[in-house]
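A.B. asks:
Here you go:
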C-alpha cells in the first residue's frame, strides 16, 4: 500500500474518519462513525460539474479549487483546531480521488499523519454488498412468527434484554412492517444506510449462538431486506406466538395509539389498501378512524386484512412453520411479553 493510503480493513487504526463528500452523499450512506466535512457542498458540486461539462476541466478545477480550499480551511479552524500532533485521521471521498486527496494534503502539511482511503467510499460499499451476500449463511435463525398484533417486535426486544442474540429488522428499517407501520418520530433510512447498519449488526453477532428474528416480508415499508438474508431467515426454525384475538387487539390499540391522534394520517394509510378492500369497507374504516373507534377499526383490520394475509404468507414463505414450537399467550401487556420472552429463551 502506498504511503499515505489505507484500506477498508484498516479503518479501526484511525482516530477519526472524515467523509469529504457532499452532504447528500453522506446522508445516503457513509462509513459508520464518520463525520461529514464536505470539501464541496451540494450546490458547489453542481456548479463545478456544470462548468466541467459546459466549459472545460481546467475551468472547473480553477473554480472548484478555490471552493475546496475555503471549505478545508473552515474545517481546520472549526473542527480540528484542537487536535494534538498524534491525531491520525482517515479521509475518504467517492472513489479516493481529488476531494479526499486535497484534504489529506492539507492535513499532512499541518503535521498530522493523515491517510486517504484507497478506492474511497466505493470500496467500502463493495465490501458491504459482498459481505451481505455471504454473512447470513453463517447464522442459525429462530424466526418469531405470529399474526399481526402478536407483539413479535416487543418479544424480540425482551429477548435482547435477557441476553439472547437478536436481529431487529424493524428497528433498523424504522418501520413496523404493516400498512400502518410508518413511525411518527423516525423517517426510514436510505436503502444503502439500512444495509450498512445491517452489516455492522451481523458482524457483531456470534455465529455459534442462535439469533432471534421476526418473520418479515421482503419489504419493510420501502426498505428491501437483502436476498441472502431473507432466504436464510425463511429456512430457520420457527417459534410461534399463539395469542387470542382480544389480547392481540388490546396490544394493537396500545401500540398504534399515536394514530388515534391524527385521523387524517390514519385514513391516508388505510387508502393504501384500496386495491385489496372494497370502497364500502374503506369508507367504513375511515369513519371509525375519524370517530376515534380504534378498537372496532383494528378488530376489522385483523379479521379482513391482517389474518387472511398472514395465513397466505406464512405457510408459503417459512419452510418450517408447520413444525414451529408454539408459545401461547392470554395477555400481551408488558408482563405477558416478558413471560413469553423468558419461555422462548429457556426453550432454546
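Numbering (the UniProt record's numbering), first residue to last: 1 to 348. For every residue, glycine included, the Cβ atom is placed at its ideal position computed from N, Cα and C. Fair warning: this is a prediction, and the values are worked out from it, not measured in the lab.
1. Reducing DSSP to helix, strand and coil, say where residue 58 ends up.
2. Under 6 angstroms Cβ to Cβ from residue 168, same chain only, skipping five residues before and after it: list those, please.
3. With H, G and I counted as helix, E and B as strand and the rest as coil, what does DSSP make of residue 6?
4. Does residue 20 get closer than 9 angstroms to chain B when you measure Cβ to Cβ?
5. Could you give the distance in angstroms between the alpha-carbon of residue 77 and the alpha-carbon of residue 90?
6. Measuring only the C-alpha atoms, how far is residue 111 from residue 139?
7. To the nearest angstrom, how far is it from the Cα of residue 327 to the Cα of residue 214?
8. Should residue 48 go down as buried or exposed, given a rule of 16 or more other Cβ atoms within 10 Å for buried?
9. Can the beta-carbon of residue 332 be found less than 9 angstroms from the beta-carbon of residue 154?
10. Relative to the C-alpha of residue 195, which residue among 176, 40, 230, 148 is closest?
11. Once DSSP output is grouped into helix, strand and coil, what is the label at residue 102?
12. Could you pull the start and end residues of the beta strand (DSSP E) that residue 142 belongs to?
13. Compute the Euclidean distance between the alpha carbons of residue 133 and residue 198, then round it to the nearest angstrom.
14. Going straight from the alpha carbon of residue 322 to that of residue 235, what length do you get?
15. Which word fits residue 226, buried or exposed, when buried means at least 16 other C-beta atoms lie within 10 angstroms of its C-beta?
16. Identify which residue in 240, 183, 237, 165 has its Cα closest to the Cα of residue 205.
17. Look at residue 117 and residue 8 and say whether their C-beta atoms are less than 9 angstroms apart.
18. Output the distance between the C-alpha atoms of residue 216 and residue 297, rounded to the nearest integer angstrom.
19. Where does residue 178 sit, in a helix, a strand or coil, going by DSSP?
20. Check the C-beta distance from residue 108 over to residue 102 and give it rounded, since I have them as a contact under 8 angstroms.
21. Here's the rule: buried if 16 or more other CB atoms are within 10 angstroms of the residue's CB, otherwise exposed. What is residue 283?
22. Between which residues of its own chain and residue 42 is the CB-CB distance below 7 angstroms, once the five residues before and five after are set aside?
23. What does the alpha-carbon distance come out to for the pair residue 149 and residue 130?
24. Looking at C-alpha atoms only, which residue of 33, 50, 62, 336 is the closest neighbour of residue 243?
25. Over what stretch of residues does the alpha helix (DSSP H) that includes residue 354 continue unbroken?
26. So the candidates are 260, 97, 181; which of them puts its Cα closest to the Cα of residue 222?
27. Alpha carbon to alpha carbon, how far is residue 16 from residue 62? Give it in angstroms, no decimals.
28. In whole angstroms, what is the alpha-carbon distance linking residue 46 and residue 68?
29. To the nearest angstrom, report how far apart residue 187 and residue 174 are at their CA atoms.
30. Using 10 angstroms around the beta-carbon of residue 170, count the other beta-carbons present and answer buried if the total reaches 16, otherwise exposed.
C.D. replies: Reading it off the structure:
1. helix
2. 156
3. strand
4. Here chain B cannot be found, since the structure has a single protein chain.
5. 18 angstroms
6. 45 angstroms
7. 15 angstroms
8. buried
9. yes
10. 230
11. helix
12. 141–145
13. 12 angstroms
14. 12 angstroms
15. buried
16. 165
17. yes
18. 24 angstroms
19. coil
20. Contact doesn't hold; Cβ gap of about 11 angstroms is too wide.
21. exposed
22. 22, 23, 24
23. 35 angstroms
24. 336
25. This structure cannot speak to residue 354, because the chain is shown only from 1 to 348.
26. 181
27. 30 angstroms
28. 13 angstroms
29. 7 angstroms
30. buried
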